[in-house]
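Quick notes on the structure that follows.
Residue numbers (the working numbering), protein chains in the order written: chain F, 1 to 136; chain D, 1001 to 1136; chain S, 2001 to 2136; chain P, 3001 to 3136.
Have a look at this one:
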């Protein structure tokens, strides 16, 4: 299983008048998380799009456990629970210090930008991820 | 069951470089939807907060069926499937003309802003909603 | 001089923890305003882009006079002070009831999307705007 | 004169369908910049608000020189050109490698959150900034 971490500091623009991170802004944190997960694996999502593959989101789920606030430094754990096929799932756990404050997951497709059709995960991605899912 | 509709036009700021509505922006559409649902019922979410009750989101789910694009006029159907208790669920269906392009749901709590503690749905809300859930 | 009006209701997602509209969100209101200004003139910005012309912003200025708050219904006046050349300027005045709460302006270019080069305002736009700038 | 630098990586959520950073999102970069400028000076904007002082924006100006794109790592220079009085001005220069792509400035007030009235810059801030403006 592939798992990595990154950090996100809450911006003022991301708060709302409750004084919390607006619930819709976690989606952008997820995005930062999965891009950094791919980068730490050795892949650039930007290059992927430049090579003609895009990854639209099909489903997302969010669970708001405790609020995050302005200037909080969120530790964001990103997990790819299974090897991607024609879809890839990312799970997210957000921590403030040791406290889990938010959980989410997204499922994305791989789409050939030229034809607009779904496709399987690119070989390069499978190649990089495979070692993390091998039975020992 | 209470159900109502409103419209949202996609803003340029809500698109991303795929040329679609950014997946995180549907949460703001849901919010517009539930505020308008309460308004059409005769309640103002603003007044609710001014009276000391806030409604933080506990969970949300989204299913991206087809993309919505810049300047699209989305027909947004909002459903409250059951009478609220200490929680309220809203379901959302987004249509472009007759085509369902997106589905979502959110569950929110009622919180007493002074004590920070959960509470039951305000009587006024129950009173307005009750007729829609009575067995005929 | 061409001038028109539209309305924008402040969304929860647009507030920040001061309880005001976040200062960066006025730019999206301007955008709604200029798109509606073009629409009421008989032009669609979407069609303009589909025909290969885009209008990137070159400059913007904002003056925050009084705060706008959640659920406020803003009356947004949009003015095109002069006939466009290779650039177009829009001015914005935002009112809550009769009170001016915000002023802004943006200058945009016309760019041929195929060549990436600046161009003059499309003839169709000049044609529609010209009657508003004629000396009587 | 006080000047410092920070970095911001462009998020997917910040792009629009032109494939550029949406023009309204630079305001959030400015905000990140001025918060980091205060932090590197030894002040926390969060603590400032917690102590009852808020800094609403009065004016902002933006000049879009070249587009920034998804995943670009922006080098953000923040300058406080003069010692604050009852107002403070921040200037921003955004670079991609050595190329200046964007310039902006914002003027903010100091407001006593309890009374809602303008006030002078807090002594602690003046104290930290003063050495940078002394004639040598």
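Glycine included, each C-beta is placed from N, C-alpha and C at the ideal position.
None of the values given here were measured: they were computed from a predicted structure.
DSSP places residue 65 of chain F outside any alpha helix (DSSP H), giving it a letter other than H or E. A residue is called buried once 16 or more other Cβ atoms fall within 10 Å of its Cβ, and residue 1014 of chain D is buried on that count.
Non-local beta-carbon contacts of residue 3111 of chain P in its own chain, meaning distances under 8 Å to residues more than five positions away in sequence, involve 3053, 3054, 3055, 3056, 3117, 3118 and 3119 in chain order. Between residue 134 of chain F and residue 3010 of chain P, the alpha-carbon positions lie close to 34 Å from each other.
Under the Cβ distance rule, residue 2082 of chain S does not count among the residues neighbouring chain F, no pair being separated by less than 8 Å.
Listed along the chain, the chain S residues whose CB falls inside 7 Å of the CB of residue 1032 of chain D are 2011. At least 8 Å separates the beta-carbon of residue 3078 of chain P from that of residue 3102 of chain P. When rounded, the separation of the alpha-carbon atoms in residue 1096 of chain D and residue 1073 of chain D is 7 Å.
Per DSSP, the unbroken alpha helix (DSSP H) holding residue 3026 of chain P starts and ends at 3026-3041. According to the DSSP secondary-structure assignment, residue 102 of chain F is paired through a beta bridge with F:64 and F:94. Under DSSP, the beta-bridge partners assigned to residue 1006 of chain D are D:1076. One Cα belongs to residue 3036 of chain P, the other to residue 3092 of chain P, and the distance between them is close to 12 Å. Here residue 53 of chain F is bridged, per DSSP, to F:112. Within the segment 51-62 of chain F, contact with chain D at the beta-carbon level (separation under 7 Å) is assigned to 54, 56, 57, 58, 59, 60, 61 and 62. The beta-carbon of residue 1119 of chain D is placed no less than 8 Å from the nearest beta-carbon of chain F.
If you ignore the 5 residues before and after residue 3061 of chain P, its C-beta comes within less than 7 Å of the C-beta of 3104 and 3105, all in its own chain and listed in chain order. Take the alpha-carbon of residue 3034 of chain P and the one of residue 1002 of chain D: they are about 46 Å apart.
Within chain P, 3011, 3012, 3013 and 3014 have C-beta atoms less than 9 Å from the C-beta of residue 28 of chain F, given in sequence order. Closest in alpha carbon position to residue 109 of chain F, among F:30, F:88 and F:98, is F:88.
Rounded to whole angstroms, the gap between the alpha carbons of residue 2008 of chain S and residue 2038 of chain S is 16 Å. Looking at the backbone, the Cα of residue 3047 of chain P and that of residue 1130 of chain D are separated by about 46 Å. Contact between residue 2043 of chain S and residue 2100 of chain S does not hold, since their C-beta atoms are separated by about 27 Å, which reaches or exceeds 8 Å.
At a cut-off of 8 Å between beta carbons, residue 1023 of chain D makes no contact with chain S. Between residue 1067 of chain D and residue 1020 of chain D, the gap from beta carbon to beta carbon is short of 8 Å. If you ignore the 5 residues before and after residue 1076 of chain D, its C-beta comes within less than 7 Å of the C-beta of 1005, 1006, 1007, 1008, 1029, 1033, 1092 and 1094, all in its own chain and listed in chain order. The Cβ of residue 2077 of chain S sits no closer than 8 Å to any Cβ of chain F. A direct Cα-to-Cα measurement between residue 1024 of chain D and residue 2022 of chain S gives close to 18 Å. The beta carbons of residue 3085 of chain P and residue 3121 of chain P sit closer together than 8 Å. Close to residue 3070 of chain P, with beta-carbon spacing below 8 Å, lies no residue of chain S; the smallest spacing is near 16 Å.
Flagged as an interface residue toward chain D: residue 2046 of chain S, by a C-beta distance shorter than 8 Å. Neighbours of residue 2019 of chain S across chain F, judged by C-beta separation under 7 Å: 17. Excluding five sequence positions before and after residue 63 of chain F, the CB atoms of its chain that fall closer than 6 Å to its own CB belong to 103, given in chain order. Just measuring C-alpha positions, the residue of S:2098, S:2113 and S:2080 sitting nearest residue 2126 of chain S is S:2080.
Approximately 5 Å separates the beta-carbon atoms of residue 1107 of chain D and residue 1059 of chain D; this is inside 8 Å, confirming the contact.
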